[in-house]
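Protein chains in written order, with the numbering used here: chain A, 85 to 489; chain B, 205 to 443; chain C, 43 to 480.
Beta carbons: idealized from backbone N, C-alpha and C, even for Gly.
The model shown is predicted, which means the values in this text are computed figures rather than measured ones.
Here is the structure we will look at.
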C-alpha cells in the first residue's frame, strides 16, 4: 500500500481531490443529520397506542339546541350504540389517543404542595365509565376499575373534581416510584381547597392525545361520562367498517337533532397524527438517496478522468511490474484517502450544524454514533463508485508505456 | 539470457490482420549489449514489448533467463518483469506528481522490499546516475538528460538482469545523448544485459552487437560494422 | 461571439451526451430540492396582511399564577390568550382607535329543508372592529352596529360560500338563518377572503380557511357558545358553567388592537399598565407587570407558526444544492482539462485567454440553464408530492412567478460560480502545449 506517495502526489495537484473531499464532507454532514431525523421520526411514529387499533373508531356528536337534557340523550345514544351488532363496547369520550386535542392537567402529590417539576407531572385526562377499559382494549394492572355508582355525567362548563381516579402505569411510577400508587391521594385541580383524588386503579399504557409529547404515557382516568362531545366504539374484529357505516342511521333514529361532524377510525386518527412526521421522513429519505447518487456520480466522473489522464502512467507502472490488482488498489487507496479526509471534515461540519439546530430550533443533540454510520456509508459508496473506473484502469495494457509517445 | 525462436506476432482487428513479427529468432547471452535497429513499422517496438513481457506473442518460443514465458499468467508476467527487467523509455515516462525519490521507488514497492532496503537502493541508484543530491526535486525541474537518468536509476534500482531501452536518446540533444550512452556502457560493463532499440545508426554502432529488423524479421547481424543488405530470412545467427 | 460560444457549448454537450445529461440532472435535483423547500418556507412565513401588519397588535396580559410562569423559557412570554373578563373590559373601554375581542366557536346551521341534515360550521364570536381592522371584504351589507352589539341582537355575518350553500345565492342580507335553536338575521355577506396564515388566532390550524360565521361578542357570551380552541387555567374557576369560566382567570379569547403610530401605541400600553394595576388591587394579576403588544410578524414568530420542520427542510435542501454545485465544479474541471489539446490549439490559432474563459463560462452557463429547465419540472413535481403528503399545504406548496424567477437566477448564478474555476484553469493552458503527443 503506497499511502505516502499517493498522498504526496495528491498534494501536488490538490484541487480535484479537495473538490471531492469537500463534497464528501458536506454529504456526510447532511447524511448524518438526515439519518438521525428520519430514524427519530420513525421511532416516534411507532409509539404504541395501547389500544385495540384495528377495531376502534371515534365520532364527534353535537346536539342541536342546548335545551335538551344532556344526561338522557347521552344515555340513549350509548344504549343504542351498545345494542348494535358487532359492537364490543361504546363509551362517551371527548379525546382520543393521538387525536391531537384533549384535556391536560398537572398533578400535585398532595393538597397545597409547591411543585418544582410540574411539567413532569402533567398528564392527559380521559373520561371513563365502567366500559372504558374494554372499549380501549387495555387492561387493569392494579387495583380496581370505577364502580357504576361513582360515575357522573359531565357537561360543558363543569370542573372535574372526582373523589377517585385511575392512573396510567407510567404516571404511577413517576408519582410513587418505590411503592404502589393504590390508595394514594393526589390533587388534579390545582386548588388547595378542593378535596383530593384517591387513586383506585393503575392501567396499562394508553397513549395521550398528543403524539409527539414527552408525556405521552402519562394519563389519568376520571369517572365521568361526557355528554355532548363524542363517542368511542370498539367492535369485533373485522366489523369496524360495517358498524361505522351504520352509526349515523342508528343514532339519527334515536334523535335526529344532532350533527355528526366527523367519524374516523383509529387507523385514520393515527395516520393523521403522524402525517407531518411521515412526510418529513419520506422527503428527507428521498434527499438522502439523491445526495448519495449525486456524490457517487461525482466520484465516478472524477475517477474516470484521472484514469484517462494517467493512462501512460498506468502503463508505465504495469511495465515496471505492477499487476492488475496493484493498479486497482492504487485507485481504491487514493479514493479511500480522499474519502477519509472528507469524512473527518464532514464530521466536524455535522456536529456544527447540529449545534445550530439545537440552539435555534429546539432540536435534539445528534448522537455521535450517527457519524461513524454515515462515514461507513460514504466510504462504501466511494469505493463502489471508484470500482468501475479502477477496473478499467487495471485493464490498461502495459504496452501503452512504449506505444504511446 | 533471452531466447526467441520462430516468434510470430499478429495483430487482428475487424478489418485487418497485421503481422508485426514473422519467424523472428534471436538469442542474447547474458552480459551482451545489443542494438536493435530497423525502419519505422519494422516491428522493433513489438519485439521490445514482447521481450519485456508487455505483450504476448502469438506463436513460437520465448524464454527469459531460462523461463518459458508462454505458460505465465498476467500476474506472473508482472512479477517476472518486476524482478528481472528494467525499462528505459524514449519519453522518460516519469510520473510528474512524484519527486525523484518516489519515482525511483515505484518498481521497488511492487517488489515488496522493506522500507530501509528501498531507501538504500533509491539513494544508491540516483547517486550512480549523478542525481543523489536532488532526491526530492520534481521531474519538471530537470533537463531532458537528467530526466532520462532518473529513468535509468529507476530501471536499475531493483538490480535487474536485463535492461530494455526504447530509443533512450530519442528526445535528447547530442551532448545529453552521449552522457546517457556512456552511462549505459558503464552499466553493461558491470554485467547487466542491455538491449537497446534505436533508429540512430550511429548509436547502434556503439553497441557491441547490432541486430537489424525489417518487416518483422531479423535481417542482418553484424558484430561491429553494418552493411544494410536486404536478404531473405535466415533462422539463426551466430552471436 | 456569444452565439459562437453558445454553439461551441452545445457541441461540447452533444459530444458527451451521457456525462452532460447526468450533470444537468444533478444540478436539476439540487435546484428542485432547494426550491421546493424555499417555496414552502417563503409561503409559510409570508406576511398575511402586509398592508397593515405593522399597525396591528396582539394584546397580551400576564394574569398567570403567582408561583409559576405561563412560559417557562427564559423569554418569559405572557399568555397568548386573554380572559373573558379582561377582554370584555378592554372592549368596553375602547382605548385604541380600533380593537377586537374574539374566540372561535362552532355553530349548527339548521337548514329550512328538513330533509337536509344540519351541519357544524366554524364560527367566530367577535366584538369591536374585526372586519375593519383586518380589511375583510364585504360582498353585500356590512358589519352589525354598536347598538346591535349592545342590545344583543341575533345578527350575523356569513361567508359567500355559506350563503350559496344555504340560499343558493349571495345577496341574502336581511334573510334569516337558524343557528342551533335560534334564528339570526344576516346583516352582511363576505366576499372571498383568504388570510394565510390565520394570524389572529393561532390556537387552531393556521393554514385553514377563515371562519364562515360571525356573531357579536355579547351574543356569543349570553348564549354561552362553545369555545373551539385552547382554554387554559392555572386554577379552576369558582363555580360551574360558562358564566364562571368567563369570570375566572382562565384564558381563551384573542384580543387585537390597531395602533397606527408610536404615540398611540405607547399611550395604549400605558392604559394596559394602569388597568392591570387597578385589577391587582382586587387580588388578581399576582405576577409582576409583563404586558405585551406584539405586531403581526413578531406574533407569528413568537407562536412558532412556521413549522420547524420547514426550516430544517430548507437548510438541508440548500446544503444539497451546494453539494450539487461542488459536484458540477469537479466534473466541469475534468471535462475542460480533458480537451486541453483543443484548447491549446485554439490558443495557438489566436484565441486570447479571455476568449477561452468566456467560452467555457458559457458552457457552464448552458448546463446551468438546462439544469434550471429540468429543475423547474422537478420542482413542480416536488411541490405536487408535498401537496400529496401534506394536504393542508395545498395553497402553500405552489410555485409562483417570483419563485420561478428565483429558480432561474439561482441556477444561472450557481452554474457560473461552479464553472468559474474550471474555466479559469482552461484559459491558463499554454498555446500548443498539448500539441506534442506527450
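Worksheet entry | Those residues which DSSP pairs with residue 207/B across a bridge | In DSSP, residue 207/B forms a bridge with 231/B, 267/B.
Worksheet item: When the cut-off is 8 Å and only beta carbons count, does residue 129/A lie next to chain C?
Response: Nearest CB-CB separation between residue 129/A and chain C: not below the 8 Å threshold.
Practice prompt. Check whether the Cβ of residue 120/C lies closer than 8 Å to any Cβ atom in chain A.
Written response: Not one chain A Cβ lies under 8 Å of residue 120/C.
Worksheet item: Hey, is residue 360/A's beta-carbon within less than 8 Å of any beta-carbon in chain C?
Response: At least one chain C Cβ lies under 8 Å of residue 360/A.
Worksheet item: In its own chain, which residues sit with a C-beta less than 8 Å from the C-beta of residue 50/C, not counting the 5 before and 5 after it?
Response: Excluding sequence neighbours, residue 50/C sits near 401, 404, 405.
Worksheet item: Which of the three DSSP states, helix, strand or coil, is assigned to residue 239/B?
Response: If DSSP states are grouped into helix, strand and coil, residue 239/B belongs with the strands.
Fill in: Buried/exposed call for residue 274/B, threshold 16 Cβ in 10 Å
Exposed.
Worksheet item: Should residue 337/A be labelled buried (16 or more other beta-carbon atoms within 10 Å of its own) or exposed?
Response: With fewer than 16 other Cβ atoms within 10 Å, it is exposed.
Worksheet item: Beta-carbon of residue 404/B versus every beta-carbon of chain A: anything under 8 Å?
Response: By this cut-off, residue 404/B is not an interface position.
Fill in: Secondary structure, alpha helix (DSSP H): runs of 4+ residues fully inside the segment 236-310 of chain A
Within the segment 236-310 of chain A, the complete alpha helix (DSSP H) runs of at least 4 residues are 253-259.
Discussion item. So residue 401/A contacts chain B; which residues on that side make the cut at Cβ distance below 9 Å?
Written reply: 299, 310, 311, 314, listed in chain order.
Discussion item. For chain C, check one thing: does any of its Cβ atoms lie closer than 8 Å to the Cβ of residue 107/A?
Written reply: Closer than 8 Å to some Cβ of chain C, the Cβ of residue 107/A qualifies, so yes.
Discussion item. According to DSSP, is residue 357/A part of a helix, a strand, or is it coil?
Written reply: Note: residue 357/A maps to helix in three-state DSSP.
Item to complete: Could you pull the start and end residues of the alpha helix (DSSP H) that residue 410/C belongs to?
Response: Element bounds for residue 410/C: 395-431.
Worksheet entry | Interface residues of chain C facing residue 374/A [CB-CB closer than 8 Å] | Near residue 374/A (Cβ distances below 8 Å), the residues of chain C are 71, 75, 362.
Worksheet item: Taking the Cβ atom as the reference point for each residue, do residue 165/C and residue 256/C lie within a distance shorter than 8 Å?
Response: Yes, the Cβ-Cβ distance between residue 165/C and residue 256/C is below 8 Å.
Discussion item. Between which residues of its own chain and residue 410/B is the CB-CB distance below 8 Å, once the five residues before and five after are set aside?
Written reply: Here the set comprises 239, 385, 389.
Discussion item. In the DSSP output, which residue or residues are listed as bridge partners for residue 210/A?
Written reply: Bridge partners of residue 210/A: 305/A.
Practice prompt. With 8 Å as the threshold, decide whether the Cβ of residue 247/B is near any Cβ in chain A.
Written response: With a threshold of 8 Å between beta carbons, residue 247/B makes no contact with chain A.
Practice prompt. Answer yes or no: do residue 304/A and residue 207/A have a C-beta to C-beta separation smaller than 8 Å?
Written response: Yes. Within cutoff.
Worksheet entry | Burial state of residue 230/C (16 or more Cβ within 10 Å) | Buried, since its Cβ has 16 or more Cβ neighbours within 10 Å.
Discussion item. Using only the alpha-carbon positions, how far apart do residue 325/A and residue 209/A sit?
Written reply: One C-alpha to the other measures close to 28 Å.
Practice prompt. Would you mind telling me which residues of chain B sit closer than 9 Å to residue 417/A, beta carbon to beta carbon, in chain order?
Written response: Within 9 Å Cβ-Cβ: nothing; residue 417/A doesn't reach chain B, min ~12 Å.
Practice prompt. Measuring only between beta-carbons, confirm whether residue 368/A sits less than 8 Å from chain C.
Written response: Interface residue (Cβ-Cβ distance to chain C less than 8 Å): residue 368/A is classified as such.
Worksheet entry | Neighbourhood of residue 427/B by C-beta, 7 Å cutoff - its chain only, sequence neighbours within 5 removed | Unreliable placement is indicated for residue 427/B, whose pLDDT of 49 sits below 50; no coordinate value is reported for it.
Worksheet entry | Range of the contiguous beta strand (DSSP E) that encloses residue 291/B | Boundaries of the beta strand (DSSP E) around residue 291/B: 289-292.
Discussion item. Does the CB of residue 150/C have a neighbour CB from chain A at under 8 Å?
Written reply: Chain A, which has a Cβ nearer than 8 Å to the Cβ of residue 150/C, makes this yes.
Practice prompt. With a threshold of 16 other CB atoms inside 10 Å of the CB of residue 65/C, please say whether the residue is buried or exposed.
Written response: Of the residues assessed, residue 65/C falls on the buried side of the cut-off, its CB having 16 or more other CB atoms within 10 angstroms.
Worksheet entry | Runs of beta strand (DSSP E) lying entirely within the segment 267-313 of chain C, each at least 3 residues, in chain order | The DSSP assignment places complete beta strand (DSSP E) segments of no fewer than 3 residues inside the segment 267-313 of chain C at 293-300, in order along the chain.
Discussion item. Beta carbons nearer than 7 Å to chain A: which residues of the segment 362-383 of chain B have them?
Written reply: From the segment 362-383 of chain B, only 370 have a Cβ closer than 7 Å to chain A.
Worksheet entry | 8 Å Cβ cutoff met for residue 120/C and residue 272/C | Against a cut-off of 8 Å, the Cβ pair of residue 272/C and residue 120/C comes out as no contact.
Fill in: Simplified DSSP assignment, three categories, for residue 438/C
DSSP places residue 438/C outside both helix and strand once states are collapsed to three, so it counts as coil.
Discussion item. Could you compute how far the alpha carbon of residue 479/A sits from the alpha carbon of residue 384/A?
Written reply: About 17 Å.
Worksheet entry | Neighbour list for residue 251/B in chain A, Cβ cutoff strictly below 7 Å | Those within 7 Å of residue 251/B in chain A number zero; the least Cβ separation is about 11 Å.
Worksheet item: According to DSSP, which residues form a beta bridge with residue 198/C?
Response: Answer is 228/C.
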